[in-house]
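To convert, take the position in the sequence shown, counting from 1, and add 75; that gives my numbering.
Only one structure is covered here, and it is reproduced in the block below.
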Amino acid sequence: MNKFKEYIKNNKKKVIITSIVIVSIILLFVFLFGVIKYLMPDTKESVYGDRCKVTQNYPVESDREDKINQFLEKDYKNIKLVKFEVKCNLIDLIVEVDDKLSFSKVKSMGKKLLTVFSEDELKYYDIQLMVRCSNDKSEDYPKIGTHHKEIDGKTNSDFIW
Numbered sequence: 076m077n078k079f080k081e082y083i084k085n086n087k088k089k090v091i092i093t094s095i096v097i098v099s100i101i102l103l104f105v106f107l108f109g110v111i112k113y114l115m116p117d118t119k120e121s122v123y124g125d126r127c128k129v130t131q132n133y134p135v136e137s138d139r140e141d142k143i144n145q146f147l148e149k150d151y152k153n154i155k156l157v158k159f160e161v162k163c164n165l166i167d168l169i170v171e172v173d174d175k176l177s178f179s180k181v182k183s184m185g186k187k188l189l190t191v192f193s194e195d196e197l198k199y200y201d202i203q204l205m206v207r208c209s210n211d212k213s214e215d216y217p218k219i220g221t222h223h224k225e226i227d228g229k230t231n232s233d234f235i236w
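Below, the structure written as structure tokens:
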């Protein structure tokens, strides 16, 4: 122990510089770890945060896609469902129409389409309806309509285009 104290007394500058370098390196690693943790997302957390907890108690029925297809086949022969997807609290629908179909007919279909969904689904989920055309050069399509979930007890009864 005496040799250690004697070494420190004889080499004060070296000991101080070495101590400063070691403390600086430790602080640098702590800082870099903090920056990396801030910039890199945590893979354990959902990309939606905690917004999906509301809809966990109200899942979309498994046969909802079939009901939508039946609705379209029954009343709208020239409209077909291309995609049905539920992400968190968003129901995403993509339908394809003939280029000869007027947009007013699509708007009325959208309003009637909401009757296919349950009250809980309309209350807790946003519904997005994308209408695309079989003809890529159509001037009327694509169109996107949204139906927002109930906010402060109020909900719209139709898609907003």
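Beta carbons are placed, not taken as given, at the ideal position from N, Cα and C, and that holds for glycine.
Fair warning: this is a prediction, and the values are worked out from it, not measured in the lab.
The Cβ-Cβ distance between T130 and N164 falls below 7 angstroms. Judged by their CB atoms, V157 and E196 are not nearer to each other than the 7 angstroms cut-off.
DSSP lists I166 as the beta-bridge partner residues of V161. Put simply, the region 84-94 does not touch the region 176-190. Fewer than three CB pairs are less than 8 angstroms apart.
I143 and K229 have their C-alpha atoms some 25 angstroms from each other. Taking C-beta separations shorter than 7 angstroms and ignoring five residues to either side along the sequence, the partners of Y199 in its chain run V129, T130, Y133, N164, K224, following chain order. DSSP links K155 through a beta bridge to E171. Here DSSP, grouped into helix, strand and coil, assigns V129 to coil. Counting the other CB atoms within 10 Å of its CB gives I202 a total of 16 or more, which places it among the buried residues.
Membership of K229 in any beta strand (DSSP E) is not indicated, and neither H nor E is assigned to it by DSSP. Where L103 is concerned, the enclosing alpha helix (DSSP H) starts and stops at 87-114. I166 is classed as buried because its beta carbon has at least 16 other beta carbons within 10 Å across all chains shown.
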